[in-house]
Amino acid sequence: MKGNEALVRGAIAAECRAFFGYPITPQNEVPEYMSQYMPDAGGVFIQAESEVAAINMVYGAASAGIRAMTSSSSPGVSLKMEGLSYIAGAQLPCVVANVQRGGPGLGNIAPAQGDYFQAVKGGGHGDYRLLVLAPWSVQEMHDLTVLAFNLADKYRNPAMILSDAIIGQMLEAVELPDKVENCIPQKPWAANGAKGRGRNYITSLYIAPETLERINLDIQAKYRQARKHEVRYQEFMVDDADIVLVAYGCMARICRTAMKLSREKGCKVGLFRPISLFPFPSERLAELAAAGKRFMVVELSAGQMVEDVRLSVNGAAEVDFYGRLGGIVPSPVEIMEQVVR
Amino acid sequence: MANLKELSKKGKTLASGHRACAGCTFPIILRQVLAAADTPLVCGSATGCMEVTTTIFPYTSWKTPFIHSAFENAAATISGVEAAYSSLTRQGKYDKEVKFITFGGDGGTYDIGLQSLSGAMERGHNMLYVCYNNEAYMNTGIQRSSATPKGAETTTTPIGKARQGKQQYKKDLTAIMVAHNIPYVAQAAPSHWNDLITKVQKALAVDGPAFINVLMPCRLGWSFQPQYGMQMARDAVNSCYWPLYEVENGVYKINSKPKEKLPIAEFLKKQTKFRHMFKPGNEDKLADLQAEVDRRWEALLKREAMG
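Going down the list, the protein sequences come from chains A and B.
Once you know that position 281 of the first sequence is 281 in the numbering used here, the rest is easy, because the numbers rise by one and skip nothing.
In the numbering used here, each residue carries its 1-based index in the second sequence increased by 1000.
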């Protein structure tokens, strides 16, 4: 099935029961499949009048304690940033999928990874982060969406699936498990009827600076916990490698082939694939740097994740970068030539 | 009144070679709108089929200056351009007469662009907003919009057992624009080209904002043979599904009153998005749509009689 359909199947399996969509290419299949599957699952599909409306519908649904989701592509995700900041401030769980396309501005509808900063560094205003997962296969579009819901609930924070036009539109075989692991905690904070208990407040407005600082420190403490427990990555032939390619999403797939081609040329190349972009696998990269590895970060951007790799190794290793822009996807041979050079 | 001979002398207002579908009706609408102007124009557009197919950089079909920024802000963007023109005029740096027209599809006008449209109309910019209304998000693959008629199948209002097509009636955006008390509001269709061109000329002549809602049969989303676009528009008018009328300074005038109202079924049966309506057991759905069309038409007749 298509990546975008797998994402929908994952969300339904994760007991997401409210989806708020809006058309934008290349994620249109997400609301389209949702409009078919969600009513059958006993949930609600609503097509909003804008991305701004959709993310605020998510705020409303998540406040009631149910698993809620929206999806979009780069320009539409920009419109959701205000809502995401409010959701993070109000400490509500939800999932947002970004099937990235070329930017800035209207850009085009080709695959790109130019939204890394927006996804990983917060995106909207204020001190907050999204929990960001980057699928590299149609299977992971399903599996990481389930995980994203679990993480969002666990940390009461919005989680993002940072995908792209390749993974969203690609067709691959997928194994759909009969049952997925849904960790849905009790939600005593939810605004779901106050009978027999005190009132719940869901807000991001704290006028008193002392209160707002305390809330901010609470939020930061959650991110420290996430950094401790939720780092996910995958390594390929890293042990004997002199050079380690670092790439996520669709680029990691291409880099895996580039790695094999480089090895055929006698270059000891490995691949490191961050799965969680926030929290970023900094510690492991620092270990690899200490072990004497060199890095080459490959992205469909002008160089965004490379900054986190450089922060991680903190000068202990050389970090090169190769990126293509505007929706151009480099071939494995092109990357191999960069590595060998 | 427009005269075909004179119009033909204007040459091609929109260059061919654009990438609209065969049988698409917006290039016809666009040519009629652009041919109506006697002064230089600056045009804008929201994201949508029209923008995507006519402005594939570095190519363009536009012979006027053209500006596009995003989906939700065609009215705001042209407001800014018009404000710059006012500023230059006031500074004495420019003295030619220029008119401003911006276009948006129904998604970019009825839904995400409504806020910026309302703002521009209320502020009173000297501009014309033309909605080319094909009743769904066609550019992204036929998703429902608030202009999609009740019962229509789209990719986000599928046909299932419990629900069949869109559940809501379409929004009456023309009435919302009338409520802004702007000098000129109209509904038009490309099948009635003389009416449409006259309306554009009136809209450009007023001092202040104007809005024209143009029905745009979409051969992809409505699914009809490419040669039938104008016939579809004519059927929409003759069934009173899409009344042609104008509101000049608050006074209503209906521009086309069919002698014999075409039954709505005649209009709907040519569109595959309504094919489920003609299956046994759905007679009430068809009757419901006919009743709603009748109700809106009668209300419009009454409104016109009030002056």
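Cβ atoms here follow ideal geometry from the backbone N, Cα and C, with glycine treated the same way.
Rounding to the nearest angstrom, what Cα-Cα distance links aspartate 239/A and valine 246/A in this structure? For the purposes of this step, residue 239/A is taken as the residue at position 239 of the first sequence. For the purposes of this step, residue 246/A is taken as the residue at position 246 of the first sequence. Computed Cα separation, rounded: 14 Å.
May I ask you to list the residues that DSSP assigns as paired with alanine 1186/B? Taking the first residue of the second sequence as 1, we reach residue 1186/B at position 186. DSSP output for alanine 1186/B lists Ile1212/B, Glu1246/B as bridge partner(s).
Distance between leucine 1128/B and tyrosine 1137/B (C-alpha atoms, nearest Å): Position 137 of the second sequence, counted from the start, is the residue given in the question as residue 1137/B. Position 128 of the second sequence, counted from the start, is the residue given in the question as residue 1128/B. Spanning the two alpha carbons is a distance of roughly 22 Å.
Tyrosine 1059/B - containing alpha helix (DSSP H), residue span: Translated into positions along the second sequence, residue 1059/B becomes position 59. Looking at the DSSP string, tyrosine 1059/B is not in any alpha helix (DSSP H), and its letter there is neither H nor E.
For chain B, is any of its Cβ atoms less than 8 Å away from the one on leucine 106/A? Residue 106/A sits at position 106 when you count from the first residue of the first sequence. At least one chain B Cβ lies under 8 Å of leucine 106/A.
Closer than 6 Å by C-beta to arginine 227/A: which residues in its own chain qualify, once you throw out the five before and the five after it? Chain order, please. Locating residue 227/A in the first sequence gives position 227, counting from the first residue. The residues are Pro279.
Can you check whether the C-beta of tyrosine 1132/B is within less than 8 Å of a C-beta belonging to chain A? Start at 1 with the first residue of the second sequence, and residue 1132/B comes out as number 132. Chain A, which has no Cβ nearer than 8 Å to the Cβ of tyrosine 1132/B, makes this no.
Using a Cβ-Cβ cutoff of 8 Å, what residues of the region 65-83 of chain A are near chain B? List them in chain order. Pro75, Leu79
When you compare the CB of glutamate 1135/B with every CB in chain A, is at least one pair closer than 8 Å? Sequence index remark: in the second sequence, residue 1135/B carries index 135 (1-based). Cβ-Cβ to chain A under 8 Å: no for glutamate 1135/B.
Taking the alpha helix (DSSP H) that leucine 1088/B falls in, what are its first and last residues? Position 88 of the second sequence, counted from the start, is the residue given in the question as residue 1088/B. Here the alpha helix (DSSP H) through leucine 1088/B covers 1074-1090.
With 16 other CB atoms within 10 Å as the buried threshold, where does valine 1251/B fall? Your numbering for residue 1251/B matches position 251 in the second sequence. The residue in question, valine 1251/B, is exposed, as its Cβ has fewer than 16 Cβ neighbours within 10 Å.
DSSP three-state assignment for glutamate 287/A, whether helix, strand or coil: On the first sequence, residue 287/A is found 287 positions in, with the first residue counted as 1. Residue state, collapsed to three classes: helix.
Tell me the DSSP secondary structure of proline 281/A in three-state form. Residue numbering aside, residue 281/A sits at position 281 when the first sequence is read from its first letter. Coil, per DSSP.
What does the Cβ neighbour count give for methionine 1306/B, buried or exposed, with the cut at 16 atoms within 10 Å? Taking the first residue of the second sequence as position 1, residue 1306/B is located at position 306. Methionine 1306/B should be labelled exposed.
Counting only Cβ pairs nearer than 9 Å, list the residues of chain B close to proline 111/A. One-based indexing of the first sequence puts residue 111/A at position 111. Here the premise fails: no neighbours, minimum Cβ distance about 17 Å.
One or two residues paired with phenylalanine 236/A in a DSSP bridge: In the first sequence, counting from the first residue as 1, residue 236/A sits at position 236. Answer by DSSP bridge pairing, in chain order: Leu271/A.
Which two residues bound the contiguous beta strand (DSSP E) that contains glutamine 36/A? As a working note, residue 36/A is residue 36 in the first sequence. No beta strand (DSSP E) contains glutamine 36/A, which is instead part of the alpha helix (DSSP H) from 29-40.
If I measure Cβ to Cβ from tryptophan 136/A and keep anything under 6 Å in the same chain, skipping five residues before and after, which residues do I get? Along the first sequence, one-based indexing puts residue 136/A at 136. Excluding sequence neighbours, tryptophan 136/A sits near Gly249, Ala252, Arg253.
Please identify, using Cβ separations under 7 Å, the residues of the region 1140-1155 of chain B that lie next to chain A, in order along the chain. Thr1140, Gly1141, Gln1143, Arg1144, Ser1146, Thr1155
Pick out whichever of Thr1155/B, Cys1024/B, Gln1201/B, Lys1005/B has its Cα sitting closest to the Cα of aspartate 1038/B. Looking up residue 1038/B in the second sequence gives position 38. It is Gln1201/B.
Beta-carbon proximity list for arginine 310/A, same chain, < 8 Å, skipping 5 on both sides: On the first sequence, position 310 is the one that residue 310/A refers to. Only Val319 meet the Cβ criterion.
What are the residues of the region 1059-1075 of chain B that lie near chain A, defined by any Cβ-Cβ distance shorter than 9 Å? His1068, Ser1069, Ala1070, Phe1071, Glu1072
Looking only at its own chain, which residues have a Cβ that is under 6 Å from the Cβ of leucine 306/A, when we skip the five neighbours before and after it? In the first sequence, residue 306/A corresponds to position 306, counting from 1. Here the sequence assigns valine to residue 306/A, which means leucine is not the residue at that position. Excluding sequence neighbours, valine 306/A sits near Val297, Phe321.
Determine the closest residue to methionine 1216/B out of Tyr1241/B, Pro1209/B, Ser1118/B, with distance taken between C-alpha atoms. The residue you call residue 1216/B lines up with position 216 of the second sequence. It is Tyr1241/B whose Cα lies nearest to the Cα of methionine 1216/B.
What are the boundary residues of the alpha helix (DSSP H) that asparagine 56/A is part of? Numbered from its first residue, the first sequence carries residue 56/A at position 56. From DSSP, the alpha helix (DSSP H) with asparagine 56/A extends over 51-63.
Local Cβ density within 10 Å of threonine 1174/B, reported as buried at 16 or more and exposed below that: Working through the second sequence from its first residue, we reach residue 1174/B at position 174. So threonine 1174/B ends up on the buried side.
Backbone secondary structure at histidine 1180/B - three-state DSSP: On the second sequence, position 180 is the one that residue 1180/B refers to. Histidine 1180/B falls in the coil class under three-state DSSP.
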